[in-house]
Each structure stands twice: as C-alpha cells, then as structure tokens.
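In the numbering used here, the protein residues as written are 10 to 390. Reviewing the structure listed below.
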Amino acid sequence: MIPVENKPLAPFTTFGIGGPARWFAEATSEEDVAEAAVWAEERGVPLFVLGGGSNLLVSDAGFDGLVLHVGLRGIAAAPVEDQDYRSSRIPEEHTSGAKAPFDSGGIDVRAKALTYQVAAGEDWEHFVQRAIEDHCAGVECLAGIPGTVGGTPVQNVGAYGQEVASVIERVRAFDLPERAYVEFSAAECGFAYRRSRFNSTDRGRYIVTRVDYRLTPGGAPTVRYVELQRVLAEQGTEDPSLAEVAAAVRRLRRSKGMLLVEGDPECRSAGSFFKNPIVAEEQVKAIAEHSGKEPPRFPAGSGAQDPGRVKVPAAWLIEQAGFTKGYALGKAGISSRHTLALVNRGGATAAEVMALASQITAAVEERFGIQLEMEPVMVGF
Numbered sequence: 010m011i012p013v014e015n016k017p018l019a020p021f022t023t024f025g026i027g028g029p030a031r032w033f034a035e036a037t038s039e040e041d042v043a044e045a046a047v048w049a050e051e052r053g054v055p056l057f058v059l060g061g062g063s064n065l066l067v068s069d070a071g072f073d074g075l076v077l078h079v080g081l082r083g084i085a086a087a088p089v090e091d092q093d094y095r096s097s098r099i100p101e102e103h104t105s106g107a108k109a110p111f112d113s114g115g116i117d118v119r120a121k122a123l124t125y126q127v128a129a130g131e132d133w134e135h136f137v138q139r140a141i142e143d144h145c146a147g148v149e150c151l152a153g154i155p156g157t158v159g160g161t162p163v164q165n166v167g168a169y170g171q172e173v174a175s176v177i178e179r180v181r182a183f184d185l186p187e188r189a190y191v192e193f194s195a196a197e198c199g200f201a202y203r204r205s206r207f208n209s210t211d212r213g214r215y216i217v218t219r220v221d222y223r224l225t226p227g228g229a230p231t232v233r234y235v236e237l238q239r240v241l242a243e244q245g246t247e248d249p250s251l252a253e254v255a256a257a258v259r260r261l262r263r264s265k266g267m268l269l270v271e272g273d274p275e276c277r278s279a280g281s282f283f284k285n286p287i288v289a290e291e292q293v294k295a296i297a298e299h300s301g302k303e304p305p306r307f308p309a310g311s312g313a314q315d316p317g318r319v320k321v322p323a324a325w326l327i328e329q330a331g332f333t334k335g336y337a338l339g340k341a342g343i344s345s346r347h348t349l350a351l352v353n354r355g356g357a358t359a360a361e362v363m364a365l366a367s368q369i370t371a372a373v374e375e376r377f378g379i380q381l382e383m384e385p386v387m388v389g390f
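In structure tokens form, the structure reads like this:
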C-alpha cells in the first residue's frame, strides 16, 4: 500500500466541501485496512476512515494525516442456522463478490430469517434494493439514504420508523490498538438514537469492515411513521409491498432534498445536519409555552431508557427560532425543501457552514433552552 499525497477530499463528500488529505489510501481488502493502520501508527500520523462521505464535513484546511477510503465489496446471504433452517437454499446469483456459505437452489419460504453479510464499502442503497428484490423486510424505510454500509452501525442510521439497530446481528471491525479483527453482537454495539460505541465510548478505535443484517423473508413492511402513512394513503395503497414502501420513502426524501440526484444543487449537503433532541415531557411543556404551539413529538427510538422521554423534530425548533427554508449565509444556506438540511449553495466553505450552524444552535438554545447536536462527522477542525 502506497498512499498518495495531498488528495482533494471535497469530491469524496456529498457536501462538496473541504481541503486535501495529507495522505490518502484506498482499501479493497481487510489486509489493506490492517496495513494502512500500521502505516499510520508507525509514522505517528492520525488516521481517518472515509466511507461514502454523506455524513461528513471536512474543514477548509483538510486533514493532516492519512485518510483511508474503505472500498471493501461483497454481499452474501444465508438462512439463520440457529433456528434449524439449514435446508433452506438461496440462488448463487444472490451473492456479489463474497463467498456464500450455502448451496445453490431456491429460497425456502420456511426460513424465518436470513443473514446478509455485507462488506463495509458496499453502497447502502444497493443493499436495500437487493433486500427488497429478495422480498426481505427490515430496511425498506431506509431506502434512499446515501453512504456506505460501514457507516450504518456507527451512526445507528434510521429514518421513517426504522433503525439499523433493529436488524444488525453482528459487526466485524479492525481494532486499531490491538491490531486484530474483532466481532461484536448487536447488544455489544451499544446502540441508541444516532449513537453506538463506535461514535461514542470507542470513537476512533475500530474500523468497520463488515456488517451482518438479519432480515425477514416475506415480512410485512414497517409503516409506523405518520408522514409515510399519509403518502401511501394519498396514492391509494392500502396493503403496500416492500417495494412500494421504499418507493414512497424515496419520493419523500427527494421532496425534502434528501435524495442524491445528479445536478440537483439541493443535494450538496450532509443530509440532516442536526439530531432530533430527545427530551422529557416537562421540556415539551416548556417548549409549548415559549412558542405558543404544541410541538410535534415521536417515540424516542432505541436506547431510550426513560419511557417519559420523546423526540422533538429539530426542524420544527429551528423554524420556531426564526430560520426559514432557503435562508442563506454567504454561500451556505438552509435547504429550500427541508429546514434540517444545510446546503452548499455553490462554492461554500466549511467555515460558512459552521457559522450558519452556530447561528441556528444559538437561536434554538436561547428560545427553548435546548442545545442542538450536530449529526455530521467533523474532520480536520
């Protein structure tokens, strides 16, 4: 592995913002990942792992270290063996690049679950579509989310009533201090709302190389989210299929500028820039008093220990604090379609994005006493 020097990082991000990497390397195997880790450690330089670049803001100065772009590919699926469904068979063409631990044949509908072993560099949307084509439920509401598979357990990616925490079975990763590969069960990942051990207690320690998802063949789609229910009802879909739910989710995401569409300037963003705050019912009452309106609220999601806590939309708080869709600060701005997305209006700098984010967080905290938490990973700041 020979890293290249001064590699521009902006083209690797959906924001299209950021300076160069001092060194840059591409990993297409687990051996490459281990070699890059050793290379950085022996030279005493910081290491940053880059996936799809969809949840990332790189500083204008770039990153003074080694950026490792994870490009491991492959999808393999097999019946869950701990339920005695070993006789089930999946066609060989249902694998791509990874050795499948099963024989060829047709899918046995008796299988109650399938485990998909997916390499970290696989495009997330590609995997979601594959699962839908296999008629496997569990990720249909996560259609249209940009990025790669490796980032999904880190952020506990979720949308429209689903989180990957509900279907992740195992995560394989390289342990940097130990220079060894380890595997974590879902329980060991410490999942919570947009959180895991990989971006909290163990931030920077592990490089995810594979994620195993446990999906349900022939399962019904998840249609809990009110907005999704409304869209399906408007189009007259009473008993939607997995594909129909995924299509509805993609339409919703595109209407909010949250779907990557070539040539659409609204897509130059990191998606949702702020996390929806999880608050106690007392805070909800205080928000209502300050705004004169009852705020929307949703279940707190995985990892919420207090049943009295709920999720309040950050977009609603931002709007109530005086920021509207299309608001601009220099060449950075708020999306004209969704208040939660900050966008690069063309030639924006990371400094402009951060200045806008600071304005928004200060206004929300002043009015409601709630400090919004930024969702993207910040690199080089």
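Note that CB positions come from ideal geometry on N, CA and C, so glycine has one too. For clarity, every value in this text was computed on a predicted model and none was experimentally measured.
Going by DSSP in three states, residue i sits in which element: helix, strand or coil?
i           : result
residue 15  : strand
residue 59  : strand
residue 160 : helix
residue 264 : helix
residue 110 : Only weak support is given to the placement of residue 110: the predicted model assigns it a pLDDT of 29, under 50, and the value that follows is read from those uncertain coordinates. Correct three-state label for residue 110: coil.
residue 205 : coil
residue 44  : helix
residue 67  : strand
residue 378 : coil
residue 363 : helix
By how many angstroms is the C-alpha of residue j removed from the C-alpha of residue i?
i           : j           : result
residue 121 : residue 224 : 9 Å
residue 293 : residue 343 : 25 Å
residue 197 : residue 191 : 12 Å
residue 295 : residue 305 : 13 Å
residue 364 : residue 55  : 26 Å
residue 368 : residue 337 : 11 Å
residue 108 : residue 86  : Unreliable placement is indicated for residue 108, whose pLDDT of 30 sits below 50; the coordinate value is still reported in the next sentence. So the two alpha carbons sit approximately 10 Å from each other.
residue 218 : residue 80  : 9 Å
residue 376 : residue 48  : 49 Å
residue 345 : residue 173 : 29 Å
residue 125 : residue 147 : 12 Å
residue 326 : residue 372 : 10 Å
residue 112 : residue 359 : The predicted position of residue 112 is uncertain, since its pLDDT is 27 and thus under 50; a value taken from the coordinates is nonetheless stated next. Roughly 50 Å separates the two Cα atoms.
For residue i, which residues in the same chain have their Cβ closer than 6 Å to its Cβ, ignoring the five residues on either side in sequence?
i           : result
residue 127 : 84, 136, 158 and 220
residue 76  : 30, 33, 57 and 59
residue 341 : 357, 361, 362 and 365
residue 303 : 297
residue 17  : 29
residue 380 : 374
residue 15  : 29
Ignore the nearest five residues each way along the sequence and tell me which others in residue i's own chain have a CB closer than 7 Å to its CB.
i           : result
residue 391 : An answer regarding residue 391 cannot be provided, because it is not within the stretch 10 to 390 covered by the chain.
residue 206 : 198 and 199
residue 139 : 84
residue 300 : 329
With residue i and residue j assumed to form a contact (beta carbons below 8 Å), what rounded beta-carbon distance in angstroms separates them?
i           : j           : result
residue 255 : residue 237 : Going by Cβ atoms, the distance from residue 255 to residue 237 rounds to 11 Å, so no, they are not a contact pair.
residue 251 : residue 144 : 7 Å
residue 214 : residue 185 : 6 Å
residue 23  : residue 278 : 7 Å
residue 141 : residue 162 : Incorrect: roughly 20 Å between the Cβ atoms, too far for contact.
residue 165 : residue 201 : 7 Å
residue 67  : residue 389 : 6 Å
Less than 7 Å separating the beta-carbons of residue i and residue j?
i           : j           : result
residue 323 : residue 285 : yes
residue 71  : residue 29  : yes
residue 130 : residue 82  : yes
residue 40  : residue 78  : no
residue 183 : residue 216 : yes
residue 152 : residue 259 : yes
residue 307 : residue 320 : yes
residue 44  : residue 10  : yes
residue 281 : residue 155 : no
residue 350 : residue 272 : no
residue 386 : residue 65  : yes
Note down, in chain order, each residue of its chain lying with its Cβ closer than 8 Å to the Cβ of residue i, except the 5 sequence neighbours on either side.
i           : result
residue 170 : 150, 231, 232, 233, 234 and 237
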